[in-house]
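Written out below as structure tokens is the structure these notes cover.
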Amino acid sequence: MRETILSLDRVSKTYGGKPAVRNVSLNVERGQITGFLGPNGAGKTTSLRMSLGILQPDSGTVSLFGGPPRAQALDRVGFLPEERGIYRKMKVIDVIVFFARLKGVAPGTARQRGLQMLEEFGLADVAQSKVKELSKGMAQKVQIISTLIHEPEFIILDEPFSGLDPVNQSALEQVVRKQAEAGRTILFSTHVMEHAERLCDKIVLIAKGQKVFDGSVSEALARVPRRVTLETASDRSLGEVLAGLGRLDRELTKDGTIWTVDLAPDADAQDVLKACVEADVKLTRFEPVRAHLHDAFVHLVGQDEAEPEAESV
Amino acid sequence: MRNIYLIARREFLSYVATWGFWLSLLSVPMFMALGFGMPILIESSQPTRYYVLVDETGGTLEQAVYDQIDATRAEQAERMREVTQDMLGDNPQVQAALESSMQLSDDDYIRVSPPETSLDALRPYLTGQAELETQDGPQGLFAAIYLSEPSPGQIEIDYWSANLTDSGLRAQIRNALRDHMQLEHLVEAGVDPVLIEQADDLAPTVRELNPQRSAETAEVSENERLPIFVGVATAFGLWVVIFSVVNMLLTAMIEEKGNKVLEMMLASARHHEILVGKLLGVAAVSFTLLLFWGGLASTGGFAAQQFMAAADIPAAEIMGTLFSPALIGPAIGYFIIGYLMYGAIFLAVGSLCETIQDAQSLMSPIMLIMMVPLFLVMMAIDAPDNPIVAVASWVPLWTPFIMLVRLPQDIGLFEVIGTTLGMIAMATAVIWGAGQLFRMGALNQANQDTVKGWFKIGKKKSIG
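These protein sequence lines map, in sequence, to chains A and B. Just so we're on the same page, my numbering is the position in the first sequence counted from 1, plus 637. Just so we're on the same page, my numbering is the position in the second sequence counted from 1, plus 1281.
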């Protein structure tokens, strides 16, 4: 059984009478990448702040490395907040060394490790530049280095992909994977489902301050009805052909008919294809639709709640 | 402790790298130099005034004018001698220096012989159309003074000058002739001139005594006033230091909030560590300022001591009075607590604001509160027992400033202990409250509108 690094047990937090987090429980286990998903304002940031003891919950308990989130425990955590920034007038290497030293890294080691990480991130040339001279993307890399410089056991990233261009998002995904391969535990919040789907071993979905799902990505996807899209050149009805295999939707086009089949729990795409062939239906298109986490998110959270905030890349 | 040290160190280094710090560092010596130097500069840059005095009575009034001017000067010198003797003892070198300085001031107005005595002839010199040969080369004429006595006992002065503002010479001549006329009047009335001179010298001997002391030690000397001036200087010093770091503190805090650094910091250190670290960092900045200013003052003091030692002045005694542990100890305590109170308030305000404009609306009432002790300190110099000053010294935010001035003035122990306890309690409450505000401000859970809202709620309640 894996060691639990972070545990939230029925934590709640209210701001000015308005509940931000309600009875949320979650466990983050060593070595896993956990995605903390939900629309903006769902309570992700508040939950993460409570996880680190930056905010105190009104009720419930938080356990970090088996105890309350005390200052000493923070040395083992690397936290990249959503509202992030670094000292613009300091030199890049000095900022990194400063944050490393706050986490207890010796000055010499911090400098050496900082230069090495700058090299790895392609920023070796700007080590002595002031942060204000960097581009936004470069500054965000420096922030990430500052978060990872002390080689934390547990990495918490709050909306790490927001504000990054696709190239840098991809680069950050690589960083997350590399950290996970090095045995680190990662918890990141996001409302961009594609990242979570690609990276996470486990996801926790939160909406309106309440947890709506906690499990693996495949378990989340299993909650979404599987679908097959068919297209025929004729307007022949497939109701009888596909009876019992799922719910059908029909759409007439100038070239024929498009059928959408939401598969029944005991049916699969092959059953649909077999039934069509046996009934001599002339298919111009047969497309099993793979469910995405976004669909699971919409399914679990609800269309109204998910649509305004969820976004794709 | 590690985090507090690291945050304080970073704060210190970041402040030292700003222009504001260097301007603050240089502002005090610069203003002091201006304060001392400007009068001297004005005095030395003022051109020597050349004037003509025409005595139409044949010389009687002219003689009377210069006799009276000499007598007035001698009297002023004597008064100065008495004061310095009381403060610094009888010392021939100091007296010689004084006389020399008195002599220097005589050179402001120099009488020259008129090429002509008629006004028509002198008018071009007075209006700058012609120049006289003087010891400084060709110069215009500052004034032409005509003295006449149309009837016995009635003296008239016609003072011709294109300069309407410099009234020094005119007053000198008028006062001299006024004294001469009064003397003549008494002599004509049959009063012996020697008697008049003796009467002029009559003055009571004043002994200032402190009833709180025994008869042998009751007499108060001028030296004993020095600690009051040290107290005033220290109070102003505290005020200037706090005022100097306000802008740096606010600007840096707002910038830090704008750069969204605070939450990164909160992931590494607790909010109280950040608050204390920042306070200590700025305290180190203040200490550096004081060290620099103190170094300059010590250099000046050392130079003065050398002069005093050469002049056989009891320098050690004066320095001992100025820097008595009974004053310096509490001064340091008031300084630290005062700094912590205001520093915590400014940090909390900074954490609530996104821009300097936001901060200004919150800082205005605080600055007004800070201005009050400045006036009260001035009041406390002459009237330490003034009820307003006494009551104000119980207001914890003002205690550090006012008590620094009241402390050397033999106030009761109860007041010292009471105000100190009140101030410590307030400082503790302020730091705690500032910590809470700082945490809320840092996480964007409160801003300047939150603070304004508290007062609006208060108003509504009071109306309802």
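Virtual Cβ for every residue (Gly too), placed ideally from N, Cα, C. Computed from a predicted structure; not experimentally measured.
B/R1290 and B/G1562 have their C-alpha atoms roughly 6 Å apart. Of the residues B/S1549, B/M1704 and B/E1414, the one whose Cα lies closest to the Cα of A/L785 is B/S1549. Against chain A, a Cβ distance below 7 Å from B/K1541 picks out E720, R721 and G722. In the DSSP assignment, A/L739 falls within the alpha helix (DSSP H) that extends over V729 to L739. Boundaries for B/I1692: no alpha helix (DSSP H) harbours it, and the DSSP string shows neither H nor E there. For the 8 Å CB-CB criterion, B/V1658 and B/A1452 do not form a contact. Of all residues in the region 669-696 of chain A, the ones placed with a Cβ closer than 9 Å to any Cβ belonging to chain B are R686, L689, G690, I691 and L692, in chain order.
In this model, B/I1692 and B/Q1357 are separated by some 36 Å (Cα to Cα). Under the DSSP definition of a beta bridge, A/S826 partners with A/F673 and A/D795.
Straight-line spacing of the CA atoms in B/G1558 and A/S853 works out to 43 Å. Residue contact check for A/F735 against chain B: a CB pair falls below 8 Å. B/I1436 is positioned such that its CB atom lies no closer than 8 Å to that of B/L1571. Between A/G672 and the set A/K740, A/S644, A/E796 and A/G745, the nearest pair of CA atoms involves A/E796. Collapsing the DSSP output to three states places B/I1613 in a helix.
When the beta-carbon positions are compared, A/S826 and A/L685 come within less than 8 Å of each other.
Residue-level contact check: B/L1556 does not touch chain A, since none of the beta carbons of chain A fall below 8 Å from its beta carbon.
Shown here is that no member of the region 857-886 of chain A has a Cβ falling below 9 Å from a Cβ of chain B. Within the region 690-769 of chain A, the runs of beta strand (DSSP E) that reach at least 3 residues and sit entirely inside it are, in chain order, 696-701 and 714-717.
DSSP, read as helix, strand or coil, puts B/E1437 in strand.
When DSSP states are grouped into helix, strand and coil, A/S772 belongs to the coil group. Here B/T1515 carries a helix assignment [DSSP, helix/strand/coil]. B/W1713 and B/S1502 have their C-alpha atoms spaced approximately 46 Å apart. Look at A/K728: its C-beta is not under 8 Å from any C-beta on chain B. With its beta carbon at least 8 Å from every one in chain B, A/K773 lies outside the interface. Under the three-state reduction of DSSP output, A/K911 falls in the helix class. In the three-state scheme derived from DSSP, where H, G and I count as helix and E and B as strand, A/P789 is classed as coil.
With fewer than 16 other Cβ atoms inside 10 Å of its own Cβ, A/D892 counts as exposed. In the DSSP annotation of this structure, the continuous segment of the beta strand (DSSP E) that includes A/R884 starts and ends at G883 to T890. By the 16-neighbour rule on beta-carbons within 10 angstroms, B/P1611 is buried. Beta-bridge partners assigned by DSSP to B/Y1390: B/R1330. Note that the region 818-833 of chain A does not touch the region 739-759 of chain A; fewer than 3 beta-carbon pairs, one per stretch, sit closer than 8 Å.
When DSSP reads this structure, A/W896 sits in a beta bridge with A/L867 and A/R887.
Among the residues facing chain A, B/N1284 is included, as its CB has a counterpart in that chain under 8 Å away. In the DSSP assignment, B/E1500 forms a beta bridge with B/L1490. Residue environment: B/S1394 is assigned as exposed (fewer than 16 neighbouring CB atoms within 10 Å of its CB, all protein chains considered).
Per DSSP, the unbroken alpha helix (DSSP H) holding A/A859 starts and ends at V854 to A859.
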